[in-house]
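Step one of this worksheet: look at the structure below.
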Amino acid sequence: MNQKFSCCTAILALWGTCAFAQQDTIALSEVVISDTKFAQSKEKSGKIIEKITAKDLERNTGQSVATILSQAVGLEVNGNQSANGKNLSYFIRGGRNRQVLIVIDGIPMTDASGINFEYDLRLLPAEQVESIEIMKGAASTLYGTGAASGVINITLKKSAKKEVSGNAYMHFGTQNTTENFKANQQDFNQGFGLNGTVDKIDYYASLNSTETKGISQAAGENFEEDRFSRVNALAKIGFQATSKLKLDFFSNYDRMKTDYDGPFDNFSSPDVLGNVSLSEQFRFGFNPKYKYNKGEFIVNSGFTLLERSYDEFNSWSSTLEEYTYTSRSVVVDAVNKYTFNKNFFVVTGTQFQFHDMNTQTPFDVIERETANFNLIDPYLTAVYNSSFGLHINAGARMNLHSVYDNQLVYNFNPSYHFKKFPLKIITSYSTAYITPSLYQLYSPYGNLELTPEENATAEVGFETTFSNKKITFSAVGFYRAESNSIGFFFNPDTFDSYYVNVDGENNVRGFETTLSYQVSSKLRLNGNYTFTDIRQELNRLIPKHKGNAAIDFQANDRTLVSLNYQYVDGRRDAFFDGGTFATTDVFLDSYQLINGLIKYDVLKNRMSVFGAVNNILNEEFVETVGYNTRGRNVKLGFTFLF
286 MNQKFSCCTA
296 ILALWGTCAF
306 AQQDTIALSE
316 VVISDTKFAQ
326 SKEKSGKIIE
336 KITAKDLERN
346 TGQSVATILS
356 QAVGLEVNGN
366 QSANGKNLSY
376 FIRGGRNRQV
386 LIVIDGIPMT
396 DASGINFEYD
406 LRLLPAEQVE
416 SIEIMKGAAS
426 TLYGTGAASG
436 VINITLKKSA
446 KKEVSGNAYM
456 HFGTQNTTEN
466 FKANQQDFNQ
476 GFGLNGTVDK
486 IDYYASLNST
496 ETKGISQAAG
506 ENFEEDRFSR
516 VNALAKIGFQ
526 ATSKLKLDFF
536 SNYDRMKTDY
546 DGPFDNFSSP
556 DVLGNVSLSE
566 QFRFGFNPKY
576 KYNKGEFIVN
586 SGFTLLERSY
596 DEFNSWSSTL
606 EEYTYTSRSV
616 VVDAVNKYTF
626 NKNFFVVTGT
636 QFQFHDMNTQ
646 TPFDVIERET
656 ANFNLIDPYL
666 TAVYNSSFGL
676 HINAGARMNL
686 HSVYDNQLVY
696 NFNPSYHFKK
706 FPLKIITSYS
716 TAYITPSLYQ
726 LYSPYGNLEL
736 TPEENATAEV
746 GFETTFSNKK
756 ITFSAVGFYR
766 AESNSIGFFF
776 NPDTFDSYYV
786 NVDGENNVRG
796 FETTLSYQVS
806 SKLRLNGNYT
816 FTDIRQELNR
826 LIPKHKGNAA
836 IDFQANDRTL
846 VSLNYQYVDG
856 RRDAFFDGGT
866 FATTDVFLDS
876 YQLINGLIKY
886 DVLKNRMSVF
896 GAVNNILNEE
906 FVETVGYNTR
916 GRNVKLGFTF
926 LF
């Protein structure tokens with residue numbers, strides 16, 4: 286208890302001395318899009334939206350999307366400190382993967398063959414990302430199913446204005462745990478891109494690849510090294526048909542292959558092949574944009590084919606078994622903004638989604654002819670921005686589902702921005718829903734009587750800048766209620782098992798605060814602190830206290846030095862023994878990490894080199910029980926722009 290109190294006191298002391306956050310100084314005039322789907326200044330937004338800018342991404346060169354997100358206030362990404370192949374868990378305000386919606390360039394991302402319909406962020410390289418907005422709270426009014434505890438809104442890189450522009454990069458580094466150190470390179474990341482604008486046509490293309498080895502996902506003796514490889518190809522082309530009409534097309538291919546450990550891997554012969562997973566994602570879409578005198582009309586459409594396979598060694602039969610999962614998803618979101626006057630506009634839209642899945646395993650077969658559903662969601666949001674500082678965002682959405690009855694969600698979000706003092710006060714109440722997945726409906730454990738999970742979030746907070754906008758501070762308190770949750774029922778007498786809606790309500794409360802201080806043109810101090818209070822029996826891997834602190838020092842016009850600190854409080858977890866099939870509750874100790882980066886422009890605005898050290902103090906900790914975590918590791922690399 287004393288150690289925990291000391292760590293919490295240290296975090297609050299850092300907050301008090303202006304050493305918190307990982308985002309840029311957030312001036313209230315910054316532009317955000319997440320709370321209306323159209324760009325507007327942050328002062329008019331009724332939310333505290335965390336934005337990870339292109340500059341923030343540069344300061345995190347060499348890091349994964351998951352590691353970068355884990356430094357944002359109110360967001361925990363479990364697995365980001367483990368081997369690259371380790372699956373990820375996203376927690377926002379006590380919500381888990383199925384309650385966190387990931388949106389890429391306006392299109393909601395899912396894996397329709399997964400149990401929880403969640404998207405795997407390991408498929409996305411940070412080098413393709415332009416910026417990220419994190420909007421917390423129930424957001425189904427604008428974004429539909431899954432947006433129960435928050436939305437991670439990712440924008441990919443766009444074309445440059447000149448005719449030909451491009452980049453090439455290479456990073457290489459070590460992959461070590463705290464107990465084992467190897468100086469040779471085990472982590473390789475490279476890629477290049479080409480983009481530009483010629484007359485009315487703009488284009489963007491990139492190819493990225495990652496290869497890592499050196500450590501095992503599973504902790505313990507005699508586990509072999511697990512390899513991870515990923516290839517990403519992205520192509521976008523746009524045509525400015527008229528001064529008002531823009532036509533954009535995109536396609537991309539993502540391939541991820543990783544070894545993983547079964548319960549008896551450390552007893553198996555090293556010559557036995559197996560326990561390899563392969564994921565391939567194919568996406569393409571069409572996104573027209575039309576601007577007219579009173580507004581703008583956008584269609585975000587995309588098709589996704591995702592195929593996952595597992596070649597798993599069965600130690601009981603000494604055979605190799607294959608598990609395959611295939612899903613198809615179609616999303617079309619047509620949204621219009623109509624401006625009545627300078628103070629009032631309305632966003633109306635209709636979102637259509639179709640999902641199906643096919644599964645072939647040694648235990649069950651699910652056919653896509655049966656396992657499919659569609660959703661049609663009309664929605665409306667009205668935004669009022671008064672001349673004296675009052676802003677109101679209110680709306681509703683009707684979910685029309687092909688399997689269950691209709692679902693209505695809504696939000697009401699008033700805020701007030703003082704004109705004579707840079708202070709914005711926000712309040713909101715919003716509801717959300719989570720559609721049962723295809724697996725929960727149509728698998729051998731499925732239940733067609735399932736209904737959506739329901740969520741509601743209430744929050745109040747403020748955001749301000751002072752000292753001539755050198756200091757930015759925000760604080761938000763929230764309360765989230767989750768009901769009608771989907772759980773798994775097992776009858777020990779009959780051995781029947783299936784998914785059910787669980788009676789009762791799960792409540793989470795907490796607060797989030799950020800502070801950024803631009804001391805001078807060369808020195809910036811930032812940080813954040815998150816408190817999450819969730820019912821003990823539901824608290825798996827969610828820290829009650831979490832803090833981040835960062836110092837960015839621009840030594841000269843070519844040299845950047847960055848140092849960041851992270852504290853993660855102790856967490857509860859459960860260990861499943863694959864040999865005895867017993868589950869044991871465990872408590873994971875808190876841990877602290879210090880990371881550093883030095884970046885130097887060899888040729889200004891043309892070529893830069895960097896060196897990074899993660900976990901400088903070689904802290905030994907457990908992120909997830911039964912899995913390895915990375916110790917001190919070094920990464921070097923360069924980026925060339927042309």
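Per this note's numbering, residue 286 is the first one in the sequence shown, and the count goes up by one each step. Glycine is no exception: its CB is placed at the ideal position from the N, C-alpha and C atoms.
Coil, strand or helix - Leu735 by DSSP: Your numbering for residue 735 matches position 450 in the sequence shown. Leu735: coil per DSSP, three-state reduction.
Considering only the beta carbon of each residue, do Phe860 and Lys622 sit closer than 7 Å? Taking the first residue of the sequence shown as 1, we reach residue 860 at position 575. Taking the first residue of the sequence shown as 1, we reach residue 622 at position 337. Result no, Cβ atoms of Phe860 and Lys622 do not sit closer than 7 Å.
Residues bridged to Asn401 (per DSSP): In the sequence shown, residue 401 corresponds to position 116, counting from 1. In the DSSP output, where bridge partners are listed per residue, Asn401 has none listed.
Identified DSSP bridge partners for Ala520: Here residue 520 refers to the residue found at position 235 of the sequence shown. Paired residues: Ala490, Ser536.
Sequence-distant residues of the same chain with beta carbon closer than 7 Å to Asp608, five excluded per side: Looking up residue 608 in the sequence shown gives position 323. Strictly speaking, residue 608 in this sequence is Tyr, with Asp absent from that position. These residues qualify, in order along the chain: Ser594, Tyr595, Glu597, Thr646.
Going by C-alpha distance, which of Glu412, Gly364, Ser425 is nearest Ile387? Sequence index remark: in the sequence shown, residue 387 carries index 102 (1-based). Closest by alpha carbon: Ser425.
Span separating the alpha-carbon of Leu563 from that of Val483: The residue given as residue 563 occupies position 278 in the sequence shown. The residue given as residue 483 occupies position 198 in the sequence shown. Roughly 38 Å between the two C-alpha positions.
Report back the beta-carbon spacing between Gly431 and Pro393 to the nearest angstrom; my notes put them in contact at under 8 Å. Residue numbering aside, residue 431 sits at position 146 when the sequence shown is read from its first letter. Residue numbering aside, residue 393 sits at position 108 when the sequence shown is read from its first letter. At roughly 7 Å, the Cβ-Cβ gap stays under 8 Å, so Gly431 and Pro393 are in contact.
Check each candidate in Val358, Ala357, Arg378 and name the one with the smallest Cα separation from Leu823. Taking the sequence shown and counting its residues from 1, one reaches residue 823 at position 538. For the residues Val358, Ala357, Arg378, the minimum Cα distance to Leu823 belongs to Arg378.
Every unbroken alpha helix (DSSP H) inside the segment 420–492 [4 residues or more]: 425–428
With a CB to CB cut of under 6 Å and the five nearest residues on each side skipped, what residues in its chain are close to Thr924? If you number the sequence shown from 1, residue 924 lands on position 639. Once the five neighbours on either side are set aside, the close Cβ partners of Thr924 are Tyr454, Ser893.
Contact check, Asp539 vs Asn585, beta carbons under 7 Å: Walking along the sequence shown from the start, residue 539 turns up at place 254. Walking along the sequence shown from the start, residue 585 turns up at place 300. The answer is no: Cβ separation not under 7 Å.
Cβ shell of Val414 (< 8 Å), same chain only, five flanking positions each side left out: The residue given as residue 414 occupies position 129 in the sequence shown. Leu342, Val350, Ile439, Thr440, Leu441, Lys442.
Looking only at its own chain, which residues have a Cβ that is under 7 Å from the Cβ of Phe901, when we skip the five neighbours before and after it? The residue given as residue 901 occupies position 616 in the sequence shown. The residue you asked about is not Phe; residue 901 is Ile in the sequence shown. So the list reads Ile879, Asn880, Gly881, Arg917, once near-sequence residues are dropped.
Counting only runs of 3+ residues fully inside the segment 342–403, write out the beta strand (DSSP E) ranges in chain order. 360–363, 374–377, 385–389, 392–394
Whole angstroms are fine: how far does the CA of Leu408 sit from the CA of Thr779? For the purposes of this step, residue 779 is taken as residue 494 along the sequence shown, with counting starting at 1. For the purposes of this step, residue 408 is taken as residue 123 along the sequence shown, with counting starting at 1. Straight-line Cα distance between these residues: approximately 40 Å.
The segment 661–676 / the segment 733–749 touching (three or more Cβ pairs under 8 Å): no
Where does Lys529 sit, in a helix, a strand or coil, going by DSSP? Here residue 529 corresponds to residue number 244 of the sequence shown, with the count starting at 1. Reduced to three states, the DSSP call for Lys529 is coil.
What are the uninterrupted segments assigned as alpha helix (DSSP H) that are 4 or more residues long and contained completely in the segment 700–737, given in chain order? 723–727
Have a look at Val919 and Thr459 and give me their C-alpha separation to the nearest angstrom. Position 634 of the sequence shown, counting from 1, holds the residue named residue 919. Position 174 of the sequence shown, counting from 1, holds the residue named residue 459. When rounded, the distance between both Cα atoms is 6 Å.
Simplified DSSP assignment, three categories, for Leu823: Start at 1 with the first residue of the sequence shown, and residue 823 comes out as number 538. Correct three-state label for Leu823: helix.
Counterpart residues of Val584 in DSSP-defined beta bridges: Residue numbering aside, residue 584 sits at position 299 when the sequence shown is read from its first letter. In the DSSP output, where bridge partners are listed per residue, Val584 has Ala619.
Note down the Cα distance separating His456 from Gly731, rounded to an integer number of angstroms. By 1-based counting over the sequence shown, the position of residue 456 is 171. By 1-based counting over the sequence shown, the position of residue 731 is 446. His456 and Gly731: Cα-Cα distance of roughly 45 Å.
Between which two residues does the beta strand (DSSP E) carrying Gly855 extend? Here residue 855 refers to the residue found at position 570 of the sequence shown. First-last for Gly855: undefined, no H or E at that position.
Please classify Gln413: does DSSP put it in a helix, a strand, or coil? Counting from one through the sequence shown, the residue named residue 413 turns up at place 128. In this structure, Gln413 counts as helix in the three-state DSSP scheme.
Three-state secondary structure assigned by DSSP to Arg1011: Nothing can be reported for residue 1011, as the shown portion of the chain is limited to 286 through 927.
Separation of Gly380 from Val793, as counted between CA atoms: In the sequence shown, counting from the first residue as 1, residue 793 sits at position 508. In the sequence shown, counting from the first residue as 1, residue 380 sits at position 95. Distance between the alpha carbons of Val793 and Gly380: 9 Å.
Closest to Leu875 by CA distance: which of Leu888, Thr716, Tyr852, Asp858 is it? Position 590 of the sequence shown, counting from 1, holds the residue named residue 875. Residue 875 is actually Ser in this sequence, not Leu. It is Tyr852.
Is any beta-carbon of chain E found at less than 7 Å from that of Asn465? Of the chains in the structure shown, none is chain E; there is only one protein chain.
Considering only their Cβ atoms, is the gap separating Ser770 from Val787 smaller than 7 Å? As a working mapping, residue 787 is identified with position 502 in the sequence shown. As a working mapping, residue 770 is identified with position 485 in the sequence shown. Yes, these two residues count as a Cβ contact at 7 Å.
How about Ala520 and Ser536: are their beta carbons less than 7 Å apart? Position 235 of the sequence shown holds residue 520. Position 251 of the sequence shown holds residue 536. Yes, the Cβ-Cβ distance between Ala520 and Ser536 is below 7 Å.
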